[in-house]
Every structure is written in C-alpha cells, then in structure tokens.
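J.: Please find one structure pasted underneath; my questions will follow.
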Amino acid sequence: MRDGLRGLTTRGRSFLAAAVAAALSAAILGEKDLLRVAVLLAVLPLLAAWYVGRSRYKLACNRSLEPHRVPVGASSRVVLRLQNLSRLPTGTLLLEDRLPYALGSRPRVVLERLGAHQASSVAYTVRADVRGRYEVGPLVIRLSDPFGLCELSRAFPSVDHLTVIPQVTPLPTVRLPGEYAGSGDSRARSVAVHGEDDAATREYRMGDDLRRVHWKSTARTGELMVRREEQPWESRATVVLDTRAAGHRGDGPTASFEWAVSAAASIAVHLRQAGYKLRLVTGSGADVDATEAAGEGLLLDHLADVRLAQRGEITTLVQQVRQRSDGGLIIALFGTLSTAEAELLAGLRGNGATCVGFLLDSTTWLNLPPKARAEAERAHGTAALALLQSGWRVIGVAHGNRLPVLWPQAARGSQGFALRAALAETVAGGVR
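Dropping the structure here:
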C-alpha cells in the first residue's frame, strides 16, 4: 500500500486534494452530502493505490531468445511472456526491456489488460553489428489502474544473454598441405584414415598373433611377415589468431582485427566440418579444443568475446602453440609483423607441422600519404619474406580482400616461390 501511495499520478493526487478541500468545506458549511463526496474522492485513489500495489507482486515474466546465438548483422527475436497470477485483472501495461547500446534503443510495448490467470506474449527483434556477449533485460513494467490514478514500475531481475558471433563465410573445398599429421602432402600414407588397418608389414617375431600374417608379403619375401598394428592417421589442425594491438589498425566492425576474427571463425568451422581435430589458440592465452560435439559452439562463443591485447607478444603466442604441438596443419592469421617477429615464428614448424600464414597488411586499413604507404609496403614485404624463408606458406591480405578468394592459395605449393621472388624484388627496390 505504501508503494502504491508513492505511485499516485497527478490525477490521483488531485483527487486527494479535492477530497481534503471537500471535507473542509463540509465541516465549515455542515453539509453531509459534501462530506460524502469528499469520502468518494479520497477512496478512489486509495483503492487504486491498493489495487496497483497488490497486483505488482502477482505478475510472472518469461523471456526467450530465438536464437540466442547469431552472427554479426543478423537479427534475433525476443519473446516476452507475461502472466497474471492474481484473481484481479490488470490495467494496461507498458513494457520496456533494457538493452545495451549496441543492440539499439530500448523497445517499448503496450500490453492490454490481463484477466485473472491470463497470459499474453509480445515480441520484438534486436540486431547487433558488433560481436560480443550482451545482456537482454531486466524487463521494466509500468502498471496503472483503469482510471490512471496510480502508476508503478516493476523491474524483473532476470536477464538473458545474446551472443553475437563473427560472420562465418563458406569456403571452397581444397586439398590442404599436411592435412594428416605427419603425412605431408601424401594421402597414400593415410590408408587407415577411416579406421582400417595399415597395410605396412614387418618380420614375424616370437609371440605375434598368427592371424596377422600377411601371406602375400610372406610369399614375395620368402620370410614370414605380419601386418603392423598402426594407429589410424587423423586430420589435425591448429588455428592461430594474433591478438596484438600493435599488429592491427582501424576501429569498429571494419577494423583489420575484425577481419582476422571473422577469417579465423570461417577457417575453423570449415576445417571442423571437413573432419579435422581442431584447436584454436589466441595471443590472449586462450587454448580451445573444438574436437567434441559442442566444440563449434564453444569456439564461436570464444571468438565472440576475444579482444585485442595491448601487451601481446609473438613469443607468447609461439609458446602457447608449442605447448601441445603434435604436427598436422597450422593456419595462422597475423597482423603486421616486424622482421624479427616473423623470424620467431620459425619455431612453430617443428614436429613436421605445415604452416600457412595469412599476413594482414593492417596499414591498408588506414589512409596514409604516399611516402608512408611506400614505407609500410616495404616493411610488409620484408616481414613476409622472412616468414617465407622460415618455411611458412604466406598469403598476403589487404583491405578489401575476401577470404573465399584467398583460401585456394593455401593449397598451392608454388605460391610461396612466386611470392618469394616478388618480395625479393620489392625489398631490393626499396634498398636501391
């Protein structure tokens, strides 16, 4: 009741003022009828305050997001279901869901009166152009009586989370180098990729199971030969994301870092759907194993939250990758590198790993004067050449490039040699 009195509108307070004035007039003039009017004027706002104050504790709200995970630029539908748990009907309700600025303005929805134990649903859509994890809610309801004498606001404590993941772009299917751990470019050595026994043989040793005798090899060599019990070859890949703030340029959704995050998501999803055992490593210290059934969602959720690291270093990234390095394919997305940083990345080529690097020239995300642009291009070419000389396959990325167009270059073995020659000429020209 006390909360209801605090929620009296200007109309309700005017009724109370008129009741006081009528009561004073009735006392002075001795008019009983005027006193009855004063009582009526006072009772109406008091009843409204009691009614609204009571009904505010008899409402239940449920919110659902359809879907709760969306890519950048896509919309999600928010459904609010409100139920009146009391035996008294409510008045008109004004609903306002609190949203972060990135999801747009706060939606306001008018809901007609709810009868006893009646429920009703309303919906609105939200859209985000910036990836991240956003809170939707809490819901604020403005309650009023049918006469507009009292109005109260109630906030439900529950909130839901909308995850805006990077844009995932479909990539063409290509045969990648080193896609089977320890197998290089050859598929012939991976005969057991589907779980069958490797056909390689060895000499018979005392105690070997005679059921594993390979009779064709025995007849060919003249000695008893048995099949080796090899483990199946399997596809393994590590996607590496450079999060150094010094390596990226630009702001907002069009920054070079956002291009790299979207590319990492696209490559990871593509490789996982191709059957790879996938791992994601970022310069921020994250190490995500996306092998399990829910691995794709886990990976995308992490990429929705990843941010630039102001003090990130290439040495930390190399150490992070090498903690669990077991060969296979390494695909990295780098921002601008210095020559010394590019040379440090040679440490990732151990244990038979094949390394493919997408090297972003993040300065192309800026408008530079001609002289500064020429210097930036020379520095980018020098870093790419150092990366090539350490055994990496390098794919240059500039502002406006599309990943599906660049992706086939990851499979071209001659790409590195052509780029090496072009970069050598560029560096030589810069020296002259």
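Mapping of the sequence shown onto full-length UniProt numbering: position 224 corresponds to residue 224, and the numbering continues sequentially without gaps. We treat Cβ as the ideally placed atom computed from N, Cα and C, and that holds for glycine. All figures in this text were calculated on a predicted structure; none of them were measured in a lab.
1) Keeping to the same chain, check which residues put their C-beta closer than 8 angstroms to that of S186; ignore five residues upstream and five downstream.
2) For L35, which of A22, I28, L46 and P45 has the nearest alpha-carbon?
3) Would the region 159 to 168 count as touching the region 295 to 305 if we require 3 or more Cβ pairs under 8 angstroms?
4) So residue 456 is in the beta strand (DSSP E); what residue range does that whole segment cover?
5) Count Cβ pairs between the region 233 to 243 and the region 253 to 268 that sit closer than 8 angstroms; are there 3 or more?
6) Give me, in chain order, the residues of the same chain whose beta-carbon lies closer than 7 angstroms to that of D145; leave out the 5 immediate sequence neighbours on both sides.
7) Do L348 and R322 count as a contact pair if the criterion is CB distance below 8 angstroms?
8) Per the contact definition of three or more C-beta pairs closer than 8 angstroms, is the region 70 to 78 in contact with the region 115 to 129?
9) Restricting to Cα atoms, I'd like to know which of T238, A411 and L403 is closest to L317.
10) Does the distance from the CB of R63 to the CB of L149 come in under 8 angstroms?
11) Do you know how far the Cα of L99 is from the Cα of P370?
12) Out of curiosity, what's the CA-to-CA distance linking Q310 and E203?
13) What are the boundary residues of the alpha helix (DSSP H) that includes F15?
14) For S153, name the three-state secondary structure that DSSP assigns.
15) Under the three-state reduction of DSSP, which class applies to R205: helix, strand or coil?
16) Could you tell me the alpha carbon to alpha carbon distance between A398 and P67, rounded to whole angstroms?
17) Let's test the definition: count the other Cβ atoms within 10 Å of the Cβ of A19 and tell me whether it reaches 16, buried, or not, exposed.
18) Out of E135, V140 and P89, point me to the one whose CA is closest to Q118's CA.
T.: According to the structure data:
1) Because S186 carries a pLDDT of 37, less than 50, the predicted location of this residue cannot be relied on, and no value is offered for it.
2) A22
3) yes
4) What the structure shows of the chain is the stretch from 1 to 432, and residue 456 is not part of that stretch, so it cannot be assessed.
5) yes
6) A48, Y51, V52 and G91
7) yes
8) yes
9) T238
10) no
11) 44 angstroms
12) 58 angstroms
13) T10 to L29
14) strand
15) coil
16) 34 angstroms
17) buried
18) P89
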